[in-house]
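Colleague:
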Amino acid sequence: MLRLYDTATREVRELALREPGKVSIYLCGPTVYGPPHLGHGRATLEYDILRRYLEWTGLEVRLVSNITDIEDKIIERAQREDRPWQDITTKCERVWFQAMDGINVERPTDIPHATDYVEEMVEMIGQLKDLGRAYDTEDGIYLSVETVEGYGLLAQQSLDDMRAGGGDRSVVGAEFKRHPADFVLWKYSKPDEPAWPSPWGDGRPGWHSECVVMSLDLLGEGFDLHCGGQDLRFPHHENERAQAVALGKRFANHWMHNGFVVDAEGEKMSKSLGNVSNLLDLIDLYDPRAYRMVLLQSHYRSPVKITQDNIDAAVKALAGLDAFAARTASVATAAPAADVLDAFRTAMDDDLDTPRATALLFDTVRQANAALDAGDDRAGGLVAAANEIATTLGLELGAADDVPDDAAAKAAALDAARRAKDYATADALRAELQADGWTVETTAAGTTLRR
RNA sequence: GGCGACGUGGCCGAGUGGCUGAGGCAACGGCCUGCAAAGCCGUGUACCCGGGUUCGAUUCCCGGCGUCGCCUCCA
Numbered sequence: 002m003l004r005l006y007d008t009a010t011r012e013v014r015e016l017a018l019r020e021p022g023k024v025s026i027y028l029c030g031p032t033v034y035g036p037p038h039l040g041h042g043r044a045t046l047e048y049d050i051l052r053r054y055l056e057w058t059g060l061e062v063r064l065v066s067n068i069t070d071i072e073d074k075i076i077e078r079a080q081r082e083d084r085p086w087q088d089i090t091t092k093c094e095r096v097w098f099q100a101m102d103g104i105n106v107e108r109p110t111d112i113p114h115a116t117d118y119v120e121e122m123v124e125m126i127g128q129l130k131d132l133g134r135a136y137d138t139e140d141g142i143y144l145s146v147e148t149v150e151g152y153g154l155l156a157q158q159s160l161d162d163m164r165a166g167g168g169d170r171s172v173v174g175a176e177f178k179r180h181p182a183d184f185v186l187w188k189y190s191k192p193d194e195p196a197w198p199s200p201w202g203d204g205r206p207g208w209h210s211e212c213v214v215m216s217l218d219l220l221g222e223g224f225d226l227h228c229g230g231q232d233l234r235f236p237h238h239e240n241e242r243a244q245a246v247a248l249g250k251r252f253a254n255h256w257m258h259n260g261f262v263v264d265a266e267g268e269k270m271s272k273s274l275g276n277v278s279n280l281l282d283l284i285d286l287y288d289p290r291a292y293r294m295v296l297l298q299s300h301y302r303s304p305v306k307i308t309q310d311n312i313d314a315a316v317k318a319l320a321g322l323d324a325f326a327a328r329t330a331s332v333a334t335a336a337p338a339a340d341v342l343d344a345f346r347t348a349m350d351d352d353l354d355t356p357r358a359t360a361l362l363f364d365t366v367r368q369a370n371a372a373l374d375a376g377d378d379r380a381g382g383l384v385a386a387a388n389e390i391a392t393t394l395g396l397e398l399g400a401a402d403d404v405p406d407d408a409a410a411k412a413a414a415l416d417a418a419r420r421a422k423d424y425a426t427a428d429a430l431r432a433e434l435q436a437d438g439w440t441v442e443t444t445a446a447g448t449t450l451r452r
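Reading the first sequence from the start, the letters are residues 2 to 452 in my numbering.
1) Leaving out five residues before and five after residue 88 in sequence, what residues of the same chain have Cβ atoms less than 8 Å from its Cβ?
2) By DSSP, does residue 8 sit in helix, in strand, or in coil?
3) Would you mind sorting residue 313 into buried or exposed? The rule is 16 or more other CB atoms within 10 Å of its CB.
4) Report yes or no: do the region 41–57 and the region 67–87 share at least 3 C-beta pairs separated by less than 8 Å?
5) Would residue 8 and residue 155 be called neighbours here (beta carbons separated by less than 8 Å)?
6) My output table needs one value for residue 381: the three-state DSSP class, helix, strand or coil.
7) Which residues mark the beginning and the end of the beta strand (DSSP E) in which residue 210 is found?
8) Going straight from the alpha carbon of residue 206 to that of residue 216, what length do you get?
9) Can you tell me which of 36, 433, 429 and 417 puts its alpha carbon nearest to the alpha carbon of residue 445?
10) So is residue 368 buried or exposed if we call it buried at 16+ other beta carbons inside 10 Å?
11) So if DSSP puts residue 1 in a beta bridge, which residue, or which two residues, is it bridged to?
12) How would you call residue 244, buried or exposed, if buried means at least 16 neighbouring beta carbons within 10 angstroms?
13) Just to confirm the assignment: which complete alpha helix (DSSP H) runs, minimum length 4, are found wholly within the region 217–298?
14) Under 8 Å, do residue 115 and residue 230 count as touching if we go by C-beta distance?
15) Any chance the CB of residue 204 is under 7 Å from a heavy atom of the ligand ATP?
16) What do you get for residue 199, buried or exposed, if any count of 16 or more other CB atoms within 10 angstroms of its CB means buried?
17) Distance check for residue 4 and residue 25, CA to CA, integer angstroms please.
18) Please classify residue 406 as buried or exposed, where buried requires at least 16 other C-beta atoms within 10 Å of its C-beta.
19) For residue 90, count the other beta carbons within 10 Å of its own beta carbon; 16 or more makes it buried, fewer makes it exposed. Which is it?
20) Just checking my contact of residue 382 with residue 338 at CB under 8 Å: how many whole Å lie between their CB atoms?
21) Which runs of the alpha helix (DSSP H), 4 residues or longer, sit entirely within the region 391–442?
22) Drop a sphere of 10 angstroms on the beta-carbon of residue 349, count the other beta-carbons inside from all chains shown, and report buried for 16 or more, exposed for fewer.
23) Could you pull out every residue in the same chain whose Cβ sits closer than 6 Å to the Cβ of residue 10, ignoring the five residues on either side in sequence?
24) Report the option in 196, 296, 181 and 46 whose CA atom is closest to the CA atom of residue 187.
25) Pair every Cβ in the region 217–228 with every Cβ in the region 260–267, then say whether three or more of these pairs are closer than 8 Å.
26) Residue 209: which of 236, 190 and 193 sits nearest, CA to CA?
27) With DSSP as the reference, label residue 1 as helix, strand or coil.
28) Starting from the Cα of residue 96, find the closest Cα among 124, 443 and 36 and give me that residue.
29) Hey, could you find the ends of the alpha helix (DSSP H) residue 317 is sitting in?
30) Thinking C-alpha only, which one of 120, 298 and 387 is nearest residue 344?
31) Taking only the alpha-carbon atoms, compute the straight-line gap between residue 278 and residue 239 and give it to the nearest angstrom.
32) I'd like the span of the alpha helix (DSSP H) that includes residue 52, first residue to last.
33) Residue 259 and residue 224: beta carbons closer than 8 Å?
34) Measuring only the C-alpha atoms, how far is residue 326 from residue 153?
35) Got a sec? Which residues, its chain only, sit under 8 Å from residue 182 by beta carbon, not counting five neighbours each side?
36) Report yes if the CB atom of residue 439 is closer than 8 Å to the CB atom of residue 419, and no otherwise.
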């Protein structure tokens, strides 16, 4: 069974399942107000790998990932551009899934929208008020974190330390709040802002209330795993948990957080800095699988550098795997080598050790190639194992572009020239194809072309 | 000010108290090839600095330096 680092307990421990054979996961989805960036790509890719692996081990995965379509950033942009906020959220959501498709991330099993859960949020906030855990101000309804047992679990910092800290940053809403860490559950709307009704006044839910309501509604109490980027650890996940605890409900049993994407200088790429890179650009410019490959080769909790060199290296590595896939397309199917699959499982069960799993994949490919060269009958099992690992990691191999007719004709002419030992013509044709961007492989069996 | 992570070959990036400098990329030599490509085989004086613990530390502890993150919207 999978052992995973748990942010709450700060140790690698078994991912215990509430129901045997089934895994319930909540992943914080995007706030749809702009194009997805590299950070979104990393998170979704890491959890896509997790999900595929869990499914491969035979578990039924329920992965809920929301769309946050109520948020200040959306409202700000709508006002700035003077257009309906729904126009922004629907377009951004479409672009989001376009990008997800581009990097081969499977759709979550459930995609709840915050706008569909406002009533439930109002109800929950009312309960928190009734319990004396939330209080009303002229600005909105706030949760009193001092009333929440164990607040700071995910932040790994006590409330006192938080109060002492903060440096020279100003506290948002300090004039209304009882404690600097208190956060808004319901924000009263100003004129011209989207608003939903509530017993206390029209307004909109706070971000932290959205996810807690949707996760508990769809997955129920004590669901297995809650995940997201490191930056969501605090305050977002802390505050989600605080609301559940304040309500007396069991929340996520396990917390998983992925590391950041950093730039060449090692600095975090985020929306508040100017160094954001658009995920769509990356997919557009390079093999979309390259990003997944870069991530696979480092651990999900480590920061990862996305640079030209990194992506280039991944593209080359992928080319080798594609060549393998092309070479083995016609190899007779066999049962995957059990020892290889066992090693794969061992690596992945160890806190999702994709670097080791990926090293195993490359190693298996090398062994399979060697077996093929030697005419060893172990080749079939190795090929099958390599393919199974690649698929489980979400890598589709050998997906070469269709070869256009003119290129295919040149390849055929090249073969004919070689048979006739007209090497000058053969070399000229090869040079032409290479100039057009093809990788040309001439073998005894004939010429194959790859991009 | 509080909390935390990290510092490994030309680059990226795993990992371990001695059996690994994993794996990828790049480079070099060889086999294969008409020549290439692909593939295979082989080649690399590493673990920021200073102490300590130990038979033995890159790996554990302490101190220092450096980088980064969270404490505020953020994957």
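Ideal Cβ positions, reconstructed from N, Cα and C, are used throughout, including at glycine.
This structure is a prediction, so every number in the text was calculated from the model and none was measured.
Modeller: In this structure, then:
1) 79
2) coil
3) exposed
4) no
5) yes
6) helix
7) First-last for residue 210: 208–220, but that is the alpha helix (DSSP H), not the beta strand (DSSP E).
8) 15 Å
9) 417
10) buried
11) Within the shown structure, residues of the chain are numbered from 2 to 452, placing residue 1 beyond reach of any answer.
12) buried
13) 239–247, 280–286 and 290–297
14) no
15) The ligand ATP is absent from the structure shown, which contains no ligand whatsoever.
16) buried
17) 16 Å
18) exposed
19) buried
20) 4 Å
21) 406–420 and 424–436
22) buried
23) none
24) 196
25) no
26) 236
27) Residue 1 is absent from the model: the chain starts at 2 and stops at 452.
28) 36
29) 309–329
30) 387
31) 28 Å
32) 39–57
33) no
34) 49 Å
35) 146, 152, 160, 163, 164 and 236
36) no
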